[in-house]
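Those protein sequences? They're chains A and B, same order as listed.
To convert, count from 1 in the first sequence and add 79; that's the working numbering.
To convert, count from 1 in the second sequence and add 1; that's the working numbering.
Here is the structure we will look at, set down as structure tokens.
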Amino acid sequence: MITKLIDVTTIPGIHWYPNGQTALSGIPLMLASALDRLFQSWAAQYDAKEYQFPPFIPAHELARLDYFRSFPHLVTFPITLDPGEANLSRFAEGEPMNAAGELQLTIPSPISNVMTPAACYHCYVRHQGETMHAPTYLTTRATCFRRESVYAPLERQWSFSMREIVCIGTADEVKAFLKHFQQHIDEFFQQLRLPIEWKAANDPFFNPSHNPKYLAQKLDPVKTEMVFQNHLAIGSINFHRNYFGEAFGIRRDGKEAFTGCVAFGIERWLFACLAQFGTEYALWPAPFRQGA
Amino acid sequence: MKQASEIRQTIRAWVEQTSGKLQPGELQDTTPILEQRIVSSLQIIDMILMLEALAERPIDVADLKPGAFKDIETICQTFMGGPSR
């Protein structure tokens, strides 16, 4: 259940759409941009290479991760019409939309892409089949799409922004990377008196009691979330073991590479900071404003 | 029920056979079998069934705690009642 800490829809510059998306402008946009610059500065500590990936990810790549069995409830597909002229004419000349605002599609084209559900997936797809001769650090920001049963502005959206910092390396290299970031971010929270607790978490598997991956995560936790006021996970630290290395044939030190990532939900950070520091830009702590 | 040392050897042999990607002598009793994905998530249910047969009692999945399957040493202590070799 989502309980409101603040009503962000009353803040100028935040416009909420009922379909689970938010438009930002003015100070909220400036602060969201500053947050991302802060995360980029953290990525720079590891000289992480910046990537900009497209919004679609090929479905066959996600299938390697068993994504469609694990997360069918979250996935969003880009869909187009079959390009046959008769089909297009039937759509255009019929009633493209009904009274409920639902499109009445004629024959759709086969669907072979997915709207990006997590920013870091692109990194493993991009480097598939490679042998790494040193630990590799990457960072990217992506608009991600996850279908949910309930949406709330900034807190839980159909589309949202995620910044990730990724390490591909040996198990020890990845663990050291994640340990560094947990300590660094924890010091940051304490310095700013942002009430965050670290909590072990599982990925939101479909039908978890019947999914052995859920049981595996329960027995060997791989996700630790940054939870604001016992209310909202604003980011997470994830140790994937060699799951992506195996799925995408990435090797390091003669073995399947291990990977890990630090993920920041930008809208959720914005929510936490607005709830904690208010809407007066000048009252936000300096580290948040430096990039603005 | 089998002797503790026999049980430990049975578990070790099962892990080695199931994994299929270990070098001889690579698996130690303290090797993290889930973290290194020597036993995959899909194989965990089979491992539980194997342990139930060895322990001659059911294992309630709902009661399993993080770390219970960390390595062979921990499995022996958790499900077979001791570290005997």
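Where is the CB? At the ideal position from N, CA and C, for every residue including glycine.
- Between the segment 64-75 of chain B and the segment 286-300 of chain A, the count of C-beta pairs closer than 8 Å reaches three or more; the two stretches touch.
- Ranking Gly105(A), Val253(A) and Tyr130(A) by CA distance to the CA of Arg331(A) puts Val253(A) first.
- DSSP, reduced to helix, strand and coil, places Leu217(A) within a strand of the structure shown.
- For Asp299(A), the nearest CB of chain B lies under 8 Å from its own CB, placing it at the interface with that chain.
- Judged by DSSP secondary structure, Cys340(A) falls within the beta strand (DSSP E) whose first and last residues are Phe337 to Gly344.
- Assigned with DSSP and collapsed to three states, Thr101(A) falls in strand.
- As summarised for the segment 122-210 of chain A, the continuous alpha helix (DSSP H) elements at least 4 residues long and confined to that stretch are 138-142, 146-149, 164-172 and 200-205, given in chain order.
- The criterion of a C-beta distance shorter than 8 Å is satisfied by Thr338(A) and Phe323(A).
- Assignment of alpha helix (DSSP H) within the segment 228-295 of chain A, counting only whole runs of 4 or more residues, yields 250-271 in chain order.
- Around the beta carbon of Gly248(A), 16 or more other beta carbons lie within 10 angstroms, which makes this residue buried.
- Burial check for Gly357(A): the Cβ neighbour count within 10 Å stays below 16, so the residue is exposed.
- Annotation: Pro287(A) to Ile45(B) spans about 14 Å, alpha carbon to alpha carbon.
- For Thr303(A), there is no enclosing alpha helix (DSSP H); the enclosing beta strand (DSSP E) has its first and last residue at Lys302 to Phe307.
- Look at Ile316(A) here: in three-state DSSP terms it is strand.
- Residue environment analysis places Ser149(A) among the buried positions, since at least 16 neighbouring C-beta atoms fall within 10 angstroms of its C-beta.
- Relative to the Cα of Gly99(A), the nearest Cα in the group Asn166(A), Cys223(A), Phe118(A) and Thr215(A) belongs to Cys223(A).
- Closest in C-alpha terms to Thr195(A), from the list Trp237(A), Gly333(A), Ile345(A) and Leu294(A), comes Trp237(A).
- Interface annotation for the segment 105-121 of chain A against chain B: empty, criterion Cβ-Cβ distance under 8 Å.
- Residues of the segment 227-252 of chain A that bring their beta carbon within less than 9 Å of a beta carbon in chain B comprise Ala250, in sequence order.
- As DSSP reads the structure, Tyr96(A) sits in a beta bridge with Gln100(A).
- Secondary structure at Phe70(B): coil, using DSSP grouped into helix, strand and coil.
- Approximately 19 Å separates the beta-carbon atoms of Val193(A) and Val245(A); this is outside 8 Å, ruling out the contact.
- Leu311(A) carries a strand assignment under DSSP once its states are collapsed to helix, strand and coil.
- Nearest neighbour of Leu103(A) by Cα position, chosen from Ile345(A), Val204(A) and Pro366(A), turns out to be Ile345(A).
- Taking all protein chains shown into account, Gln124(A) has fewer than 16 neighbouring C-beta atoms within 10 Å of its C-beta and is therefore exposed.
- A distance below 8 Å between beta-carbons, with the five flanking residues on each side excluded, links Arg169(A) to the following residues of its chain, in chain order: Thr185.
- The three-state secondary structure of Thr222(A), taken from DSSP, is strand.
- By the beta-carbon neighbour count (other beta carbons within 10 angstroms, threshold 16), Gln37(B) is buried.
- The C-beta of Arg331(A) comes no closer than 8 Å to any C-beta of chain B.
- For the C-beta of Phe70(B), the chain A residues within less than 8 Å are, from N- to C-terminus, Leu298 and Asp299.
- For the pair Leu55(B) and Cys77(B), the Cα-to-Cα distance works out to about 11 Å.
- When beta bridges are read from the DSSP output, Lys334(A) appears opposite Arg331(A).
- In this structure, Leu117(A) sits away from Pro364(A), with a CB-CB distance that is not shorter than 8 Å.
- The C-beta distance from Thr218(A) to Gln119(A) rounds to 7 Å, short enough to fall under 8 Å.
- Separation of the CB atoms of Val87(A) and Leu271(A) is rounded to 20 Å, and the pair is thereby denied contact status at 8 Å.
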